[in-house]
Every structure is written in C-alpha cells, then in structure tokens.
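Visitor:
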Amino acid sequence: MVRYVYDFHEGRRDMADLLGGKGANLAEMTRLGLPVPPGFTVTTDACRAFLASGEEPEGMAAEVSRHLAALEDSAGRRLGRPDDPLLVSVRSGARFSMPGMMETVLDIGLNDDSVLGLAKVSGSDRFAWDSYRRLVQMFGSTVMGVDAARFDEAMGRLKAARDTPDDLHLDANGLAVLVETYKQLILDDTGRAFPTSPSEQLRLAVLAVFRSWNGERARLYRRREHIPDDLGTAVTVQRMVYGNLGADSGSGVAFTRDPATGRPGLYGDYLADAQGEDVVAGIRNTVPLSELARLDPVSYRRLRDNAGVLERHYRDLCDIEFTIERGTLWMLQTRVGKRTAEAAFAIAAELVEEGQITPEEALTRVSGDGLARLMFPRFDTGALGRTLAHGLPASPGAAVGAAVFDSAEAVRRAAAGEKVVLVRQETTPDDLPGMVAAEAVLTSRGGKTSHAAVVARGMGTVCVCGAEEITVDTAARHFTTHDGTLVEEGTVISVDGSTGAVYAGAVPLVASAVMRYLETGEQSGGLVTAVARALAQADAVRRLEVRANADTPEDARRARRFGAQGIGLCRTEHMFLGERRELIEEMILAGDETERERALAALLPLQRQDFIGILDAMDGLPVTIRLLDPPLHEFLPDRTRLAVRVAAAEARGEQPDAHEAELLAAVNRMHEENPMLGLRGVRLGLVVPGLVAMQVRAIAEAVVARTRAGGSPMAEIMVPLVGAVEELRIEREEVERVLAEVSRESGLPVRCPVGTMIELPRAALTAGRIAEEAEFFSFGTNDLTQTTWGFSRDDVEAAFFSAYLDKGVFAASPFETIDRDGVGRLVRIAVDEGRAARPGLTIGVCGEHGGNPASVHFFHTVGLDYVSCSPFRVPVARLEAGRAALDTQTSGTRSTRVR
Ligand code: PEP
Ligand code: MG
C-alpha cells in the first residue's frame, strides 16, 4: 500500500522527490538533532493522486490522524483544545523551490474557544486574537477562495473607525471585532461558515495547498523556470512557534556565508517581535544579525553553531529560516542556498581549501552560465538610467556609446576616439566595419541567430536585437521609443546584452577581472583564482575537446589564450568582404574563362595570406577551413537599391551606368526566394568553376609556406551543406586534385583531411554513405535546426518564438539549446552510422550550440570528439565539458528540470 505521510523523524534529505525540498530538509535537520518544531509531511504522491482524481486518496486521512496524534503526544497538547491548544502550520514544499507561488496557512487549530486558551497560556490577549485574525484571513482567502482584498478592506475600515495608523495599534478587542467581521464576510461570500473544527481546518488546508500547485501563479513560474508540471507539491504540517511574543522573540533569515560574494561568516537579517512572514513582507525594517548578537547573545551563538553543523553536513552554503520564541531558538527551514555567480566560484574553491569537498565536487557547484556572466563588464545596478527599450539579449555584456545609424558613421566616429552603438533595423555583411568599430549593436528586427546576433557574439561585441518597440529611421538618423521619445544620432545610450535592456545616458561600468585573467593570465584575487581552479579541474576530467569558430588570426590567438584546442570552423565568406567583394563581383560577372581566372587569381594570394595568418596563430593545432558557403548574391549589391538607381537613370532619360546595369542583370539572375535553401554550400562548389580550386590552392600553399617557415600547420578542409555522398565525392576529387598539384609543384606532400558538415537531415540520415567519403564530420546545428524544424533562422525568433515559449511548445529556443528529441535524434543517427561505416571517425559540432551549456552536455553524451564555439565561449564550453564528464559518472534517476 502507498504511504502518504512521513514524520520528520522518518525522512531524509535525499527524499525531496517525495517530501519536497522543505519536508526533506526539515527531516534532515531533525535527524541532526537541531531544534526543529515537530511535525510531519504529506507526500507529493498524495498531491498527485488528489489532483488526478479530485478526491482525497484513500487512507490519507487516517494516516494524517495517526501522525497528528503522535505530534499531540510529543507536545503534550491536543490540536485546538480549548484550555491549552496545539496549533500547527500547513505549508507547501515542492521538489524545486517555488518561493511565494503556493499557499500557506498558519495557526490552524484556533476557534472561538481555543483562542481564549491561547490567550491564557501566552499571557497575551492581543497575541491570541491577532493569531486568530491571521488564521481566518489566510484560511478565508486560501482555502475558501474569498478575494484577499476584501479582508484588507475590512481591516482598513476598522483602522479608520478607530483612528489607528496600523494593525500593531489594534487592541485585542479590535482584533476580536475583526475576526467576527471576517467570518461574516466568508459566510456572505461563499455561503459556508468558517469551520470551527480544528481537524476539519487541517484537512481542508492540506487539500487547498495541493490545489495551489495548479494555481495560475505557480504554473507561470514553473514554465519560466522549466519545472515539470507533473511533480506536485508536498505539504508539511508543523507545530507553530511564535516570534511575535514580545521583545525576547523574533524571526530571521540567515546564510552560512555571504550569498553575494561567498565570504565566510554568518550573514542575514533579523526582526524582533515578528513572525517569519513579516520579515519577508518587508513591512518593518530588519536589522543585521550582528544586532541579534547584541540583543540575544545566547540565541545568536546557538544559531551560529547550528549554521556550522548544517554547512559541514551539507558541505555547502545553506540558507536558514529561524524563529526565537521567548529566548528559545527554533530552526524552521533550511536548504542549499541560492547565490551569485561570483559567490558560487568563491565558495566552491573555499570549501575545497577547507577540505569539505573534492575539486571534482567543486566543479559541479559552478556553471558555464555563471562563468559567462563573470566574463563581461557589468552595469552598476545601483546607477541604471531610464529604460528606453527591451530586446533579445543576443550577445552578453554591457556597453555605452553614442547612437549612430550607419556603418560609415560608426567607423568615422570610432576612428576619432568616440565610443558608439550601431543602431540598425537589422544588419547585413555591409555593416561589418561598423560592427567592428562599435561597442554594441542594437537592432529593431531579427532574432538571436540573425546576422547581427551571430556576428556580434563571434566578435564578443554586446548586442541586443529584435527590439521591436523602437522604430529606427536611418534616413532621419534617429530612433523612436514606444513612448515617443526621440533618440537622435550622437545621443549616449547604454546597452545590456545580458538582459536585453537599453538605457538612456551612460550607466557606469564595472570591468571584469575574470576576463583580464583569461586574456593575460593575470591573477588578481580570490575570484580569479577560484575560476582558474574550476577551469583546470574541468580540463583534467573532460573528454570533449573544445575548439573555436574563428576567421581571423586575431580571433584565433584569442581563442588559443582562452584554451581552444584548434579551430573547428573557419568561415571563409567573412574573408570576401570589404575591398575583396569587388573581386568576387568580377568573378560572378566574368563573361568568359579568362576574366573569371583573372578575378580568382587576384583573390588567391589574399586568401593564402589569410590562411597563413590563421595557421600561424593555431600552429600545431587543427584548423578546419570551410569552403565558401553562402549564396553568391550576398556579395552583390542590394537588388532593390540597384533597380531603383537604374530605373531613376532611365526615368531621367539617361543611360544607366553600364556596370550597374550589368550588376542588376546578374542580381536578377541569381535572385532566390529562399536563399538559405538555394545555391549555396557544396552546390556552389559544383557549379561555379574555379572557386573550390582557388580556395584549396590557397590552403595548400599556406600549408607549404608555414611548413617552410618551420611551423606545424594542420589544415583540414570542410565541405558545407552536403546532402548526398555524390556531392561530396565530386567535390573531394577536385580538392584532392589541387592538393596533389600543389604537392607536386612545391615538392612537399600536402595532406589535409577532407570532411563534411552534417547540417541537412538527409546528410544525417545517410551518414553511413557520406562517411565513405568524409574523413571527419562536423554538425552544423544552426542549419540542421533550421532545416529539421522548417524554421527560417533569421525570421522566426523575433516573429513568434516568445509566443511559442509562453505556450510551452518548447522550453528554450532550439537555436540556442539543442532540440534533443528532433535535431538531437538526427545527430545520434549520424554519429552511430558514421562511426559504423568508418570506425574512429572524428566528429564535432560547430553550430552555435557548441558553446551552449545544456547542449555541451548532450554532445558529450552522444560521444562527439569536440565542440567548437566562438572564442568568448571557449572557457564556458571547457567548464561545461568537464561538468558533463562528471555528470555521466554520477547521474541518477531523480526528477530534473527540463532545460
Ligand atoms: C551551422 O549551420 O550550424 C553552421 C555552423 O554554419 P553557418 O551558421 O555558417 O551556416
Ligand atoms: Mg550552416
């Protein structure tokens, strides 16, 4: 038979699935011999059974009665007995903390008789009637469903009638009147009387807490926090203790260390003559715990000792709720406490120093998200200005600068030493110089994988995108906020890429010591040492290698400083921007073979120089160079603008510029409705003559040059967007031909592994065939997500992802966190079939997911060899790869959040 109730003596901290976090930890404190008011917990099983059937599960009532009787025996009092009543609290407690989201009822057991008994034994009429008033109010709203505001209104009326400013000034008599008013209100509103039977009060309160699991607030919170809906809540029933019995009583909250900085030492707040609820409500000002040490040194010392016991037992920062009842300390709750990223690293390192945890355990206590937060400068939260807009937090960090509205202006002002924020509707490759020059990029359109977001993240530039509430008028050189504020060019704004907020004026910045350490190796204090230790530990245990996505020697060098073990994706299209774009244009427009060859020949030395620089920066480590991927028209001028210029010339009766007319014809010829699914990737290589040969020659000659210079270049050649093995076979033949040619010419054998991206479902489904021709695989999970879901990545995020997240279609954007069920399934298939066809096949991932903590864990589990991500995410990926390795060693079957 299922058991529904556990006494505190019977539970343990590892029973949180069944007893909720609160119930499990109360049980643990009881087992440790700490002063916990006795009680019992009704399980989440009971809650789930109740919510499923709408009926109290069979046997639950009898079990509750039995445990209540035991509680009464230990207290030597009976629930609600008129002369000396036992009173209990009924509180919710789910597996994961959901602060304030569910219901609580205190002082169960009071009625018109027992209130008199309570007055007698406590020696305070006022206290007894105030407790009764609290019960009727909480019970009325929580259990009986009366609008809480009605009680507040009744209280307000009474205070006005008695001319008292607050409820502290209402005497016993006034409170007794209020109890009657409240009871009448309940009767009028619900047609039912407030139940006077203590056991009925208890039964109804427990069921009401169960029901509150499905309250609107709770459901919303769970969705936001990715807590599964089917866990249910436990309910703890506990003897009441009172902090509001005078100056020698009080309630407080304590942390075993400072949760903001991690500094050791008891830390917290105390409020004399108050219940726990009053501390949280913030009605009166609390005092620091040092004040308690002065007011009641004995209780303070006990609290400090108990905190020590808990921290040594949990081997972690604990937070504690406590009450002092007439000089006696009671522990009401504890749990492993929430903390800032800084405190998480500091505490983990500190606990290792103290010998409380191993370095491996310390690694499980920190996170990649936390590390990312510590790597960026932050705004001083005490000095935030007026919020102008809110967009998607696309590339983290904080930046301040003058708003500018085009790339040229950004470059001009930055060259003159001004800090600027580039504000655009959306960005294109044309904006690249401006993006490089700017401190931050702000766009009104586009999602987190829009051009602005991806490029900014790659460069480590702050970016907020898709801020749809602003209207950007580039021609007028201003943007307008939703309330009509006009922000003109040159106005200073502050952009927070970690939250998506945009503020007016210059918000002061706090620099990151962790970033300075990663860049220079400079050890500048406790936090940096703690981060360095966690990273070293991660490196020691991880199986996944971490490479970087980098297209320039500078990025490659930075990635290497950050610990990258090679380049997993060098996107060559970024090398054809600026002046070189004209050469690509010439290649596209070439009327004959000779013209095309001339354009390609001009590009060759430039490409070679690019690769020499990158191979030099990554000497001795693999550099995966991807052949050109995007549709060629991305290198041509904008179609509409060209068409307007040509049409305007014609309208003026002039002959349009011949070059422009020729360009327009080419652009029209190449126009595609869905360019992401058009002529790109390997398809380009197969139909544009000479392009692949030029790129491969540049790579091979760079390898020769680096080898001659005494280096150890390790170039790998990667073919994008392959869907069929035949495509790869044809392209590979061309690659091998050119490699052999350069080997012959140079007298140096040039060997570059040739592999493919797996970024189309067909590639994943035929991976076994493709592996016959591929020496390595790299998952392009950006395109694989796009093509698996049929989501255009530049369009969908800003358009409807927030609605999808609200409706619970997915818990996180599949462009950020790998969709394990769909895209992840394709990844598994490709890994299995690829390795079956070619044992030992090297497999990595180079989509944005390569630097996403939850995705890194998935890639570890499916057995990839490496993840590759933007240089700034390399430390995050290293840390998470280490954590993933530990996770698989220790993972159990307990409930998890669906992240
Ligand atoms: C990908 O598709 O995941 C990828 C890395 O390629 P890109 O983002 O350049 O299309
Ligand atoms: Mg791709």
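Residue numbering for the sequence shown follows our numbering, beginning at 2 and increasing consecutively.
All C-beta atoms in this analysis are idealised placements derived from N, C-alpha and C, irrespective of residue type, glycine included.
Since we're looking at a predicted model, the values are computed, not measured.
1) Any chance the CB of Gly781 is under 7 Å from a heavy atom of ligand 2?
2) Please work out which residues of its chain come closer than 7 Å, Cβ to Cβ, to Arg240, disregarding the five sequence neighbours upstream and downstream, and give them in chain order.
3) Find the nearest neighbour of Ile731 within the set Pro690, Arg517 and Arg745, judged by alpha-carbon distance.
4) Between which two residues does the beta strand (DSSP E) harbouring Cys319 extend?
5) Can you tell me which of the three DSSP states His634 falls into?
6) Taking C-alpha atoms, which residue in Ile700, Val254 and Arg572 lies nearest to Val743?
7) For Leu20, count the other beta carbons within 10 Å of its own beta carbon; 16 or more makes it buried, fewer makes it exposed. Which is it?
8) Excluding the five sequence neighbours on either side, which residues of its own chain have a C-beta within less than 7 Å of the C-beta of Cys870, listed in chain order?
9) I'd like to confirm something about Leu678: is its beta-carbon nearer than 7 Å to some heavy atom of ligand 1, or not?
10) Does DSSP classify Ser513 as helix, strand or coil?
11) Rounded to a whole number of angstroms, what is the C-alpha to C-alpha distance between Thr897 and Asp148?
12) I need the straight-line Cα distance from Ala667 to Ala591, nearest angstrom please.
13) To the nearest angstrom, how far is the alpha carbon of Leu117 from that of Phe801?
14) Apply the 10 Å Cβ neighbour rule to Leu169 and answer buried if 16 or more other Cβ atoms are within range, or exposed otherwise.
15) Is Leu570 near ligand 1, judged by its Cβ being under 7 Å from some heavy atom?
16) Considering only the beta carbon of each residue, do Pro815 and Thr786 sit closer than 8 Å?
17) Below 8 Å on the Cβ atoms is my guess for Leu232 versus Gly253; work out the distance and round it to an integer in Å.
18) What are the boundary residues of the alpha helix (DSSP H) that includes Leu107?
19) In the DSSP assignment, the alpha helix (DSSP H) including Gln656 goes from what residue to what residue?
20) Less than 7 Å between C-beta atoms, sequence neighbours within five positions excluded: which residues of the same chain meet that for Thr573?
21) Thinking just about the alpha-carbon of each residue, which of Gly81, Met99, Ser125 and Asp431 is nearest to the one in Leu107?
22) Got a sec: does ligand 1 put a non-hydrogen atom nearer than 7 Å to the Cβ of Asp552?
23) Please go through the same chain and pick out, in chain order, the residues whose beta-carbon is closer than 7 Å to the beta-carbon of Glu774, but skip the five residues on each side of it.
24) Who does Val122 pair with in a DSSP beta bridge?
25) Which class does Asp366 belong to by DSSP, given the choice of helix, strand or coil?
26) Do Val515 and Leu375 come within 8 Å of each other at the CB atom, strictly closer than that value?
27) With a 10 Å radius around its C-beta and 16 neighbouring C-beta atoms as the bar for buried, classify Thr42 as buried or exposed.
28) Using only the heavy atoms of ligand 1, determine whether one of them is closer than 7 Å to the beta carbon of Asp906.
29) Can you tell me which residues form a DSSP beta bridge with Arg240?
30) Should Pro721 be listed as close to ligand 2, given that the test is whether its C-beta is under 7 Å from any heavy atom?
31) Here's the rule I'm using: 16 or more other beta-carbon atoms within 10 Å means buried, otherwise exposed. How should Glu717 be labelled?
32) Any chance the CB of Glu760 is under 7 Å from a heavy atom of ligand 2?
33) From Pro754 to Met719, what does the alpha carbon distance come to, in whole angstroms?
34) Report yes if the C-beta of Asp8 is less than 7 Å from at least one heavy atom of ligand 2; otherwise report no.
35) Where do the ends of the beta strand (DSSP E) carrying Asp617 lie?
36) Pull up the distance between the alpha-carbon of Asp833 and that of Ile844, whole angstroms please.
Guide: Well, looking at it:
1) yes
2) Pro38, Pro39, Gly40, Leu72, Ala76, Leu87 and Val89
3) Pro690
4) Cys319 to Glu326
5) helix
6) Ile700
7) buried
8) Ala549, Asn550, Gly851, Gly852 and Ala878
9) no
10) coil
11) Here the model assigns Thr897 a pLDDT of 43, short of 50, so the residue's position is not dependable, and the following value carries that caveat. Each residue's alpha carbon lies about 35 Å from the other.
12) 10 Å
13) Note on geometry: alpha-carbon atoms of Leu117 and Phe801 lie some 60 Å from one another.
14) By the neighbour-count rule (16 or more Cβ atoms within 10 Å), Leu169 is not buried but exposed.
15) Within the cutoff, so yes.
16) yes
17) So it is not a contact: roughly 30 Å between Cβ atoms.
18) Taken as a continuous stretch (DSSP letters only), Leu107 belongs to no alpha helix (DSSP H), being part of the beta strand (DSSP E) at Thr105 to Ile109.
19) It is not in any alpha helix (DSSP H) - Gln656 carries neither H nor E in the DSSP assignment.
20) For Thr573, the CB contacts under 7 Å within the same chain, skipping 5 residues up- and downstream, are Ile626, Arg627, Leu628, Leu629 and Gln696 in chain order.
21) It is Gly81 whose Cα lies nearest to the Cα of Leu107.
22) No - ligand 1 has no heavy atom lying nearer than 7 Å to the Cβ of Asp552.
23) Val726, Leu729, Arg730 and Arg733
24) The partner list for Val122 (beta bridge, DSSP) is empty, contrary to what the question assumes.
25) Before going on, a small fix: residue 366 reads as Arg here, not Asp. Three-state DSSP puts Arg366 in coil, outside helix and strand.
26) yes
27) Classification for Thr42: buried.
28) Because the chain spans 2 through 900 in this model, residue 906 falls outside it and cannot be assessed.
29) Within the DSSP bridge table, the entry for Arg240 names Val89 as partners.
30) Yes, Cβ of Pro721 sits closer than 7 Å to a heavy atom of ligand 2.
31) buried
32) yes
33) Roughly 8 Å separates the two Cα atoms.
34) no
35) Asp617 -> not in any beta strand (DSSP E); alpha helix (DSSP H) instead, spanning Glu594 to Ala618.
36) 11 Å
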